[in-house]
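See structure below.
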Amino acid sequence: MNASEQPLILALVALALSFGIGAIIVSRRSSRGRAPLSLSPEIEVLDAEVSSNAEQVVKAEEVVAVIEPPNLRSSISRARSLFYTAFSGIRSRNTIDDSTWQELEDTLIRADVGVHLAQALIAPLREQVREKKITTPEVLIDALREMMKQQLSKADRSLRIDLTASPSVWLFVGVNGVGKTTTIGKVGAAQTAQGRTVLMAAGDTFRAAAAEQLQTWAERAGAEFVRGSEGGDPASVIFDGIQSAAARGIDLVLGDTAGRLQNKSNLMDELRKVRRVADKGLGSVTEVLLVIDATTGQNGLVQAREFAAATDVTGVVLTKLDGSAKGGIVFAIETEMGIPVKLVGLGETVLDLVPFVPAEFVDALCE
Amino acid sequence: MFDSLSERLQSIVKRVRGKGRLTEADVDEVLAEIRTALLEADVNVGVVRDVTARIREQAVGADVSQALDPGQQVVKIVNAELVSMLGGETLKINYASHPPTVVLMAGLQGSGKTTSAAKLARWFKSQGRQPLLVGADLQRPAAVEQLRTLGNQIGVAVFSEPGDPVTTATRGLAEAKRLGKDVLIVDTAGRLSIDVDMMQQVADISSAVKPNYTFLVVDAMTGQDAVGVAQAFHETLAIDGVILSKLDGDARGGAALSVKHVIGKPIAFAATGERIDAFEQFHPDRMAGRILGMGDMLTLIEQAEQVFEKDDAEQTAARMLEGQFTLEDFLAQLQQLKKMGPLSGVMGMIPGMPKEMKDAQIGDDQVTLTEAIIRSMTPGERARPEMINGSRRSRIALGSGTQVADVNRLVKQFSEMQKMMKKMGAMSQGRAGKNSKNSKRKGKDSNLSSKATMRQMGDMLGGSGLPGVPGGPPRGGFPNFPNFPN
Chain A
1 MNASEQPLIL
11 ALVALALSFG
21 IGAIIVSRRS
31 SRGRAPLSLS
41 PEIEVLDAEV
51 SSNAEQVVKA
61 EEVVAVIEPP
71 NLRSSISRAR
81 SLFYTAFSGI
91 RSRNTIDDST
101 WQELEDTLIR
111 ADVGVHLAQA
121 LIAPLREQVR
131 EKKITTPEVL
141 IDALREMMKQ
151 QLSKADRSLR
161 IDLTASPSVW
171 LFVGVNGVGK
181 TTTIGKVGAA
191 QTAQGRTVLM
201 AAGDTFRAAA
211 AEQLQTWAER
221 AGAEFVRGSE
231 GGDPASVIFD
241 GIQSAAARGI
251 DLVLGDTAGR
261 LQNKSNLMDE
271 LRKVRRVADK
281 GLGSVTEVLL
291 VIDATTGQNG
301 LVQAREFAAA
311 TDVTGVVLTK
321 LDGSAKGGIV
331 FAIETEMGIP
341 VKLVGLGETV
351 LDLVPFVPAE
361 FVDALCE
Chain B
1 MFDSLSERLQ
11 SIVKRVRGKG
21 RLTEADVDEV
31 LAEIRTALLE
41 ADVNVGVVRD
51 VTARIREQAV
61 GADVSQALDP
71 GQQVVKIVNA
81 ELVSMLGGET
91 LKINYASHPP
101 TVVLMAGLQG
111 SGKTTSAAKL
121 ARWFKSQGRQ
131 PLLVGADLQR
141 PAAVEQLRTL
151 GNQIGVAVFS
161 EPGDPVTTAT
171 RGLAEAKRLG
181 KDVLIVDTAG
191 RLSIDVDMMQ
201 QVADISSAVK
211 PNYTFLVVDA
221 MTGQDAVGVA
231 QAFHETLAID
241 GVILSKLDGD
251 ARGGAALSVK
261 HVIGKPIAFA
271 ATGERIDAFE
281 QFHPDRMAGR
291 ILGMGDMLTL
301 IEQAEQVFEK
311 DDAEQTAARM
321 LEGQFTLEDF
331 LAQLQQLKKM
341 GPLSGVMGMI
351 PGMPKEMKDA
361 QIGDDQVTLT
371 EAIIRSMTPG
381 ERARPEMING
391 SRRSRIALGS
401 GTQVADVNRL
411 VKQFSEMQKM
421 MKKMGAMSQG
431 RAGKNSKNSK
441 RKGKDSNLSS
451 KATMRQMGDM
461 LGGSGLPGVP
471 GGPPRGGFPN
481 FPNFPN
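Below, the structure is given as structure tokens:
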């Protein structure tokens, strides 16, 4: 009985919601760009101008040193051997029929490329097969591979250090458990090995013992280390780190942030603040790296979109590619959102973070 | 980013509506959409193939029921199938006759083992048990400190010592016995399923402590690889159940289905937030709707039920429909909504919520802002917002720390809402009779609803009739709510 009341209560909820939310959306729209209401728009606009000027300055000076990503080991080949050779089954076929297409699509999906992107990648190939430009599965896969490489060929994957800024700041952002802190440890080790002075700032003030974890990495890497109190303001920890690095003449600040799910708007606002404040110190933010776990599925696209909106992400670090996951989601992130993949994590030691090489990645995916 | 399945199915449903029987072509078309939805939710390709085959069997030739259109019917079949695949036997914890009951946590790096271990300990504590946590993750720097901090927060002792994880686990077991603890939870290091040495290590820990329950912690955001990982861990450790972590994100969580399907073990718990008490036993029926991208009605209803008090709801509903809804009522509703949890979560659970609203990031801080504005009004102003003139506006803006424009907007929107509700109140009298068939359909269709819940809902709203609304409450769809399900 009374099953019919269900729509009513939901409507009530929705009504209240829709009103509240309608108001909120409108106020949100009108106040986009000025985050807390207490800040007047003029101030924010001014800030925006200042920061865009600063960016131009950086560009004008041609970023004194565009450093190559740490070339630690050509260990992509190791990653390659870890990929399933799912495509070999297709290669060994004689003809291209419906099941070939299905298998090709499934294989791409299985690599977490995503159903829509997989279909989009295959569509032009179907055309070529129909026109008899491609007749064997072997050629088909080669064509797919070329196309994917082509799509990854244009990105700039260098990690930027602005030596005039001193310090340059790299921020690491991402959801929980992707390996931000570990990545910072490895990046720090690589940079100190190249003779740069590095400071790590423990901006993850939320997760228990995150600062201790980073401190361990800092000691291993021979980097300076700054932390705040647990539960403290992450923006101020990063800012302090930058100021302290500037005072000591340190080249590079690596800013850790707490993992956060991208649908937690208060936490994303906190991250926006970290990003904003990081630019107000003596240094300049030259990289914001989104760390993505290779096991991540289609939610990775949502992560990229939301984190990019909050912090102007400049690149992706793909971690845990030494597992059985293939990390195809970064292909989707780079091609659909234009955020280049810059680094790949292939293991737990400091030597296991390497530059992303698209050709190798695609070959590995299509073997 | 992804259109919800219900949105995408609408166009198909329109075309097949009116047919008496589902043809193969109809089913194929709908199934193609379902396949896409499942893949977008990260259900494993192989699992999707199984699911769609099963669904196809049931759907082709099925008589179209009087109540459901073919699209709805397929969705109903799919939902039922997913629920049964996700559910089956639920995990009932049988405590060991010789305590402690040993629980082993395993999983990939970053899946959330340490946090889940602490949350599980808290859950056992809430069941009247005395757990001991063992930190056997000696790999990741500061993992044990993290566990100790969490242990402190929940008042559960943590045992760990540097050196060898197997030894630590064994010593932890002895410690639990010595302290008379009845549950032992062993946190282990994250490991890749293809790392032979590390998998051997966790197998060694397992044979050392002989766990009664081995839980695999799976990140709700995991993609296609979830299947391979689960299989590998299951082969090594004989998994008893799965803990689904980070379910408070916006991932659709298809991994849950994949894992359940390949290892056949129940999903025992789900972590639904960062707070240590955000951890609950798993509800397969809700997960099915989420994977399909169709909202989470039951959770919403339950939350509403817990939060909205009966009398309040009744009175407010009546006043709403009579157009006597005031800002005071609205304030009360906002507060109750806030109790239901983060607003974005609530929004996500309403299927068919207009996309624009869903996409708009709504923070609870903004609800707070609206609240602040209303609170800065006098009782008179709350009852009759039209009396708010220029000087009152500036006073309210000042008092709530907002801009005059914000106050204006609120007042304007509120008056629009009042008008809309008056219209609805009038309409509900006209439509109630006409739509009774519709509402019956809703009752049958709703797999998610339990009878008990519905009864309570009914009671909550004061039986079948609402005061001041002859002919009962409005039924079926509401105007002004595009896509609101009916």
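Protein chains in written order, with our numbering: chain A, 1 to 367; chain B, 1 to 486.
Built from N, CA and C at the ideal position, the CB exists for glycine as well.
What you are looking at is a predicted structure, and each value in this text was computed from that prediction instead of being measured.
May I ask which residues mark the beginning and end of the alpha helix (DSSP H) holding residue i?
i	result
D156(A)	It is not in any alpha helix (DSSP H) - D156(A) carries neither H nor E in the DSSP assignment.
A230(B)	A226 to L237
E287(A)	Element bounds for E287(A): not the alpha helix (DSSP H) but the beta strand (DSSP E), S284 to D293.
L398(B)	G390 to S400
M337(A)	I329 to M337
Report the neighbours of residue i on chain A: residues whose CB is nearer than 8 Å to its CB, in chain order.
i	result
A255(B)	G297
G249(B)	V175, L261, Q262, N263 and N299
Is the Cβ of residue i closer than 9 Å to any Cβ of chain A?
i	result
P141(B)	yes
E33(B)	no
A426(B)	no
L147(B)	yes
S394(B)	no
S193(B)	yes
D365(B)	yes
D28(B)	no
Hey, residue i and residue j: beta-carbon distance below 9 Å or not?
i	j	result
I339(A)	A304(A)	yes
H283(B)	D50(B)	no
K149(A)	P358(A)	yes
M200(A)	L282(A)	no
L184(B)	T115(B)	no
A221(A)	A189(A)	yes
R275(B)	A208(A)	no
N408(B)	R384(B)	no
By the criterion of Cβ-Cβ separation under 9 Å, what are the contact partners of residue i in chain A?
i	result
N229(B)	Position check: residue 229(B) holds Val in this sequence, whereas Asn was assumed. Result: T295, G323, S324 and A325.
L331(B)	The premise fails here: L331(B) is roughly 10 Å from chain A at the closest Cβ pair, so nothing lies under 9 Å.
Under 9 Å, Cβ to Cβ, is there at least one residue of chain B near residue i?
i	result
A320(A)	The displayed chain sequence assigns Lys, not Ala, to residue 320(A). Judged by the 9 Å Cβ criterion, K320(A) is in contact with chain B.
N94(A)	no
T182(A)	yes
A221(A)	no
I149(A)	A small correction: the amino acid at residue 149(A) is Lys; Ile does not occupy that position in the sequence shown. It does not: the Cβ of K149(A) has no partner Cβ on chain B nearer than 9 Å.
V302(A)	yes
W217(A)	yes
S236(A)	no
R276(A)	no
P329(A)	Looking at the sequence itself, residue 329(A) is Ile, so the reference to Pro does not match. Yes, its Cβ sits closer than 9 Å to a Cβ of chain B.
S188(A)	Reading off the sequence shown, one finds Gly at residue 188(A), where the question assumed Ser. No, G188(A) lies away from the interface with chain B (no Cβ there is under 9 Å from its Cβ).
V317(A)	no
G114(A)	yes
L353(A)	no
Taking only the alpha-carbon atoms, compute the straight-line gap between residue i and residue j and give it to the nearest angstrom.
i	j	result
W170(A)	L321(A)	22 Å
V74(B)	T36(B)	15 Å
L38(B)	I291(B)	7 Å
V198(A)	G259(A)	22 Å
V26(A)	A157(B)	Any reading at V26(A) needs caution, since the residue's pLDDT is 39, under 50, leaving its predicted position unreliable; the model's value is listed next. When rounded, the distance between both Cα atoms is 50 Å.
I396(B)	D329(B)	18 Å
L365(A)	S245(B)	28 Å
V350(A)	G185(A)	7 Å
S464(B)	A426(B)	Confidence at S464(B) is low in this model, with a pLDDT of 28, below 50, so the placement of that residue should be treated as unreliable; the coordinate-derived value is given next. So the two alpha carbons sit approximately 18 Å from each other.
G223(B)	T296(A)	5 Å
Which bits of chain A does residue i rub up against, with CB to CB less than 7 Å?
i	result
G110(B)	G177, V178, G179 and D293
K246(B)	N176 and L261
L150(B)	A208
What residues from chain B crowd round residue i, counting only those whose CB sits closer than 8 Å?
i	result
I109(A)	L39, V45 and Q224
Does the beta-carbon of residue i, which I'm using as the reference point, lie nearer than 8 Å to any heavy atom of the ligand MG?
i	result
T295(A)	The ligand MG is absent from the structure shown, which contains no ligands of any kind.
So residue i is in the beta strand (DSSP E); what residue range does that whole segment cover?
i	result
V253(A)	L252 to G255
M105(B)	T101 to G107
T270(B)	Here the sequence assigns Ala to residue 270(B), which means Thr is not the residue at that position. Counting along the chain, the beta strand (DSSP E) containing A270(B) begins and ends at I267 to A271.
G135(B)	P131 to A136
V186(B)	V183 to T188
I want to verify the contact list: residues of chain B whose CB lies under 9 Å from the CB of residue i, in sequence order.
i	result
E212(A)	P141, A142, E145 and Q146
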